[in-house]
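Chemist:
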Amino acid sequence: MDSHVAVSDEAVVEHTTLKHHFENAEQQKDAATVGMWVFLVTEIMFFGGLFLAYFAYRQKYPIAFASASNKTNLLIGAFNTTVLICSSLTMALGVHAASLGKRKLLILFLILTLLLGGAFLGVKTYEYHDKWVHHEVPGEHFECEGCKDAGHASLFFSLYFGMTGLHATHMIVGAGILLVLIWQAYKGKFTAEWYTPIEMFGLYWHFVDIVWIFLFPLLYLIDRSGRGLS
Amino acid sequence: MDSHAEHHIVPKRVYFAVFAALIVLTWVTAYVSTVDLGRWNIFVALAIAIVKASLVILFFMHVKYSSRLTKMTVGAGLFWLIILLFMTMTDLWTRNMMGVPGR
């Protein structure tokens with residue numbers, strides 16, 4: 057049995073990673089990449105609807121949006137953006153390590169990505185709690201102290217919680233997938249020849265980062281100069 | 002068609018350069034938001050966000066090094082997003098321009 061494995065070592069690798077309906081590994085990888093992007097395009101449209109709702113209501117109630125946006129904490133928002141960008145870097149470096157077949161480095165970067173993602177969610181939890189304590193969650197007890205057009209300010213916070221909540225849900229799903237990938241990497245499932253799940257997950261993680269790159273200016277940075285948007 | 006420049010491994014320094022640009026732009030956009038630019042604040046903020054997103058898409062997501070089919074898929078998705086946002090907003094922006102009933 058030993059000799060059999062040794063002789064067909066390369067064939068075994070080919071056999072396990074290359075599905076029979078593909079010509080070669082390259083074609084298989086291209087197909088996975090396009091498929092992943094098609095999924096991400098549906099995600100773009102998914103978030104796109106929320107962004108459209110945001111733009112439509114912001115243009116209708118600019119004053120309410122400006123004063124409600126000032127309730128968010130600029131420093132915490134910028135800090136959290138930094139944390140998320142760091143996690144994108146560690147993810148990119150993880151894919152890089154995988155492509156070189158460096159298993160330990162891959163595991164390290166995946167764990168770092170998970171920790172940074174967790175840190176982001178932790179900060180987000182703190183922010184949510186802060187909003188809860190200050191009655192800035194839309195509903196019966198909604199208050200927006202010092203807000204102009206406070207009635208429509210709750211619309212801003214509905215979008216704030218809807219968009220950051222959907223974003224956070226994606227992060228939580230991502231963290232779950234990361235746990236599986238860390239386990240699989242630990243088991244030695246990925247090689248320099250085949251690490252497609254790592255690369256596809258990288259695309260997902262960076263996509264979630266991009267969503268935040270737009271959420272940050274749109275939710276945190278309206279009218280910070282405080283001229284009241286008259 | 003050199004689309005089969007496959008197994009293209011992006012050098013690490015590219016990732017670090019993109020990372021540095023993303024961090025700098027994040028704090029630039031946070032700072033610029035506190036400066037009163039009138040109606041231009043939103044445009045500056047969105048322009049910076051678009052630059053940041055483009056850097057992530059091209060380099061972190063390897064689209065710069067991907068096949069034409071992948072590039073087209075990404076482009077088609079963004080094109081439909083622009084239709085969704087831009088055509089709806091041009092409607093909302095211009096509805097009150099004519100001052101006619103039934104607008």
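First to last, the sequence lines map onto chains A and B.
The first sequence maps to residues 57 to 286 in the numbering used here.
The second sequence maps to residues 2 to 104 in the numbering used here.
Ideal Cβ placement from N, Cα and C applies to all residues, glycine included.
Could you check the C-alpha separation between A50(B) and G39(B) for me, to the nearest Å?
Modeler: 19 Å
Chemist: Are any of the Cβ atoms in chain B nearer than 7 Å to that of L271(A)?
Modeler: Interface flag for L271(A) against chain B is unset, since no Cβ pair is found closer than 7 Å.
Chemist: Along the chain, where does the alpha helix (DSSP H) that runs through F95(A) open and close?
Modeler: A81 to K116
Chemist: May I ask you to report which of helix, strand or coil DSSP gives V287(A)?
Modeler: Any answer about residue 287(A) is impossible in this case: the structure gives chain A only from 57 up to 286.
Chemist: With distances taken from CA atoms, which of W94(B), L23(B) and W81(B) is nearest V97(A)?
Modeler: W81(B)
Chemist: Along the chain, where does the alpha helix (DSSP H) that runs through K72(B) open and close?
Modeler: R69 to I83
Chemist: Using a Cβ-Cβ cutoff of less than 8 Å, which residues in the same chain neighbour I167(A) once the five nearest sequence positions on both sides are dropped?
Modeler: I238
Chemist: Flag this pair as yes or no: are the beta carbons of A154(A) and Y242(A) separated by less than 7 Å?
Modeler: no
Chemist: Can you tell me which of the three DSSP states M88(B) falls into?
Modeler: helix
Chemist: Specify, as a first and last residue, the run of the alpha helix (DSSP H) that V36(B) falls within.
Modeler: No alpha helix (DSSP H) contains V36(B), which DSSP labels as neither H nor E.
Chemist: Any chance you could list the alpha helix (DSSP H) runs of at least 4 consecutive residues sitting entirely within the region 116–183 of chain A, in chain order?
Modeler: 118–125 and 130–155
Chemist: Classify L74(A) as helix, strand or coil using the three-state DSSP reduction.
Modeler: coil
Chemist: With distances taken between CB atoms, is the gap from G133(A) to F257(A) smaller than 7 Å?
Modeler: no
Chemist: Which same chain residues end up closer than 8 Å to V11(B) when comparing Cβ atoms and leaving out the 5 residues on each side of it in sequence?
Modeler: So the qualifying residues of the chain are F60, H63 and Y66.
Chemist: Verify the CB distance criterion: does V45(B) have a CB-CB separation below 7 Å to chain A?
Modeler: no
Chemist: Among Q115(A), G91(A), F78(A) and N126(A), which residue has its Cα nearest to the Cα of C203(A)?
Modeler: Per the Cα distances, N126(A).
Chemist: For a contact defined as C-beta to C-beta under 7 Å, what are the partners of L130(A) on chain B?
Modeler: A31
Chemist: Please decide whether T89(A) counts as near chain B, where near means a Cβ-Cβ distance under 7 Å.
Modeler: yes
Chemist: From V57(B) to V101(B), what does the alpha carbon distance come to, in whole angstroms?
Modeler: Cα-Cα distance, rounded: 45 Å.
Chemist: Going along chain A, which residues have a C-beta under 7 Å from A50(B)?
Modeler: Under the 7 Å cutoff, chain A gives I269, F270 and P273.
Chemist: From F107(A) to L74(A), what distance separates their C-alpha atoms?
Modeler: 40 Å
Chemist: Grab the span of the alpha helix (DSSP H) containing G258(A) for me, first residue to last.
Modeler: Counting along the chain, the alpha helix (DSSP H) containing G258(A) begins and ends at T252 to L271.
Chemist: Assuming contact is defined by CB atoms lying nearer than 7 Å, are H208(A) and E199(A) in contact in what I supplied?
Modeler: no
Chemist: Check each residue of the region 66–82 of chain B: if its Cβ is closer than 8 Å to any Cβ of chain A, include it; give the result in chain order.
Modeler: S67, S68, L70, T71, T74, V75, A77, G78, L79, W81 and L82
Chemist: So V75(B) and W93(A) are in contact, right, with Cβ under 8 Å, and what is the actual spacing, rounded?
Modeler: 6 Å between Cβ atoms; contact.
Chemist: Here's the rule: buried if 16 or more other CB atoms are within 10 angstroms of the residue's CB, otherwise exposed. What is F165(A)?
Modeler: The residue is buried, with at least 16 neighbouring Cβ atoms inside 10 Å.
Chemist: Kindly list, in the order they appear in chain B, the residues whose Cβ is closer than 7 Å to that of T138(A).
Modeler: I24 and T27
Chemist: Out of K187(A), F78(A), I100(A) and R159(A), which has the shortest C-alpha to C-alpha gap to I254(A)?
Modeler: Nearest of K187(A), F78(A), I100(A) and R159(A) to I254(A), Cα basis: R159(A).
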